[in-house]
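Worksheet: the structure to be examined is printed underneath.
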Amino acid sequence: SPAEINLKSHVFVNIKMAEYTRAPVILVCDIDKGGALAWIVGTLELLTKKERSRVKGIIINKFRGDIDLLVPGIKFLEKRTGIKVLGVVPYFRDVKIPEEDSVPLEIIDQRVKMIAQEKKTEILLDIAVIYLPHISNFTDFDPLEKESDVLLRYIKNPEEFGCPDIIILPGTKNTIGDSKYLKDSGLDVKILSAIHNSKCTFLIGICGGYQMLGRKIFDKKSLESGCKEINGLGILPVETSMGSEKILRQIKGRDISSNKIIHGYEIHHGRTKIINKSDSFKKDTGSYSHFFEIIECDDKKAEYFDGIVQKY
100 SPAEINLKSH VFVNIKMAEY TRAPVILVCD IDKGGALAWI VGTLELLTKK
150 ERSRVKGIII NKFRGDIDLL VPGIKFLEKR TGIKVLGVVP YFRDVKIPEE
200 DSVPLEIIDQ RVKMIAQEKK TEILLDIAVI YLPHISNFTD FDPLEKESDV
250 LLRYIKNPEE FGCPDIIILP GTKNTIGDSK YLKDSGLDVK ILSAIHNSKC
300 TFLIGICGGY QMLGRKIFDK KSLESGCKEI NGLGILPVET SMGSEKILRQ
350 IKGRDISSNK IIHGYEIHHG RTKIINKSDS FKKDTGSYSH FFEIIECDDK
400 KAEYFDGIVQ KY
């Protein structure tokens with residue numbers, strides 16, 4: 100919304116960015132939620148005269164039904180606002196566009212159920228993503244939805260756990276807070292039971308999720324919470340300390356198991372280090388190995404390892 104009065108003084112997206120760039124504005128309305136005409140008129144009423152002058156057109160999105168029934172509403176809008184309705188976009192179910200990072204679980208559940216119903220082939224992989232309260236970058240998993248034999252689902256409590264083939268602990272904006280959530284909800288017990296009782300269940304930790312798989316997480320400067328230290332799940336021989344400076348960099352590396360080149364990015368406060376590496380990484384008897392060999396960092400040559408794989 101470009102008319103959030105309570106946030107207007109310090110939000111620079113939408114209308115404010117259009118002012119800086121002297122760009123025309125198109126107002127897009129989601130008619131599927133209902134109240135579309137009131138939303139458009141109300142939004143324009145809350146804009147200043149200068150802001151409103153930038154709005155050059157209106158688009159009505161996610162329309163389903165008889166377009167003839169909407170025509171009187173379009174005529175009303177154009178007469179009331181003096182702004183042209185540029186078009187009406189139908190409701191498409193097969194458009195794979197990443198959601199906003201703040202989309203609630205209910206919307207994700209609806210999307211997952213819809214995709215599961217559309218899949219005609221046998222489901223071969225059941226992938227469970229732990230839906231953490233502060234989950235970040237969950238759109239990273241969208242490509243998995245496109246696989247015809249994969250069921251991707253998001254789990255918020257132990258009752259939904261089932262018997263997944265793959266469990267993913269995703270990134271988080273609050274590693275310590277979400278570590279507490281795993282313990283308080285009982286999901287930690289489910290995760291540990293799944294990997295200890297089945298050699299066919301894989302557990303993957305990404306970013307903050309990877310940090311939670313370690314022994315301890317330290318936040319001595321209270322960057323994420325008032326808690327200075329918390330135990331992780333204790334699966335991997337690593338510890339993480341939160342640093343005041345956020346790491347932001349582009350990465351190119353080699354997946355050691357497949358020898359394939361991968362590209363990605365890092366964005367995190369946590370610094371994760373391996374403990375007791377000499378014992379854990381012995382060639383013949385060690386239980387762990389490195390996950391990636393990093394060969395480029397921000398377009399510069401690099402030579403170091405990152406991530407851990409527990410070997411069976």
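Using this note's numbering, the letters of the sequence shown correspond one by one to residues 100 to 411.
Each residue gets a CB set at the ideal place from its N, CA and C atoms; glycine is no exception.
Nothing here was measured: the structure is a model prediction, and the numbers come from that model.
Straight-line gap, residue i to residue j (C-alpha atoms, nearest Å)
i	j	result
ILE159	PRO242	28 Å
ASP239	ASN375	32 Å
LYS351	ILE361	6 Å
ILE254	GLY261	10 Å
THR147	HIS109	16 Å
VAL184	CYS306	44 Å
PRO232	GLU177	42 Å
PHE390	VAL408	6 Å
GLY342	GLY325	15 Å
SER386	GLY331	19 Å
ILE329	LEU281	12 Å
ASN105	PRO257	38 Å
CYS128	ASP287	41 Å
ALA137	PRO101	15 Å
GLY181	ALA122	19 Å
SER321	LYS107	29 Å
ILE266	SER379	23 Å
SER377	ILE355	19 Å
GLY134	THR300	46 Å
PHE237	LYS245	15 Å
LEU312	GLY172	55 Å
ALA117	ASP264	47 Å
ILE114	SER152	11 Å
ALA401	SER292	38 Å
ASP318	VAL124	43 Å
LEU335	LEU302	11 Å
Identified DSSP bridge partners for residue i
i	result
LEU126	ILE157
LEU302	ILE266
ARG163	In DSSP, ARG163 forms no bridge with anything.
ARG353	ILE360, GLU392
TYR403	ILE393
ASP131	Answer by DSSP bridge pairing: none, since ASP131 is not bridged.
LEU106	Answer is none; LEU106 lacks a bridge partner.
VAL288	VAL288 is not bridged to any residue.
SER235	GLY270
LEU347	ILE366
Check whether residue i and residue j have beta carbons under 8 Å apart
i	j	result
GLY276	GLU323	yes
SER357	ILE316	no
GLY406	GLN310	no
ASP248	ILE222	yes
PRO189	VAL228	no
LEU347	ILE366	yes
VAL187	LEU169	yes
ILE130	PHE162	yes
LYS410	SER388	yes
ARG314	GLY285	no
LEU74	ILE226	With the chain running from 100 to 411 in the structure shown, residue 74 is simply not present.
ILE157	LEU126	yes
Opening and closing residue of the alpha helix (DSSP H) in which residue i lies
i	result
PRO171	170–180
ILE139	135–145
LYS115	114–120
LYS148	148–151
GLY307	307–311
Residue i: CB within 7 Å of a non-hydrogen atom of the ligand ZN
i	result
PHE317	Absence of the ligand ZN is noted for the structure shown, with no ligands found whatsoever.
Residue range of the unbroken beta strand (DSSP E) whose run includes residue i
i	result
LEU185	184–189
LYS328	Position check: residue 328 holds Glu in this sequence, whereas Lys was assumed. Taken as a continuous stretch (DSSP letters only), the beta strand (DSSP E) holding GLU328 covers 328–330.
LYS315	315–317
ASP193	Here ASP193 belongs to no beta strand (DSSP E), and DSSP marks it neither H nor E.
ALA227	224–229
Handout entry: Those runs of the beta strand (DSSP E) which lie wholly inside the stretch 240–286 and span at least 3 residues
Key = 249–254, 265–268
Handout entry: Every unbroken alpha helix (DSSP H) inside the stretch 358–399 [4 residues or more]
Key = 376–379
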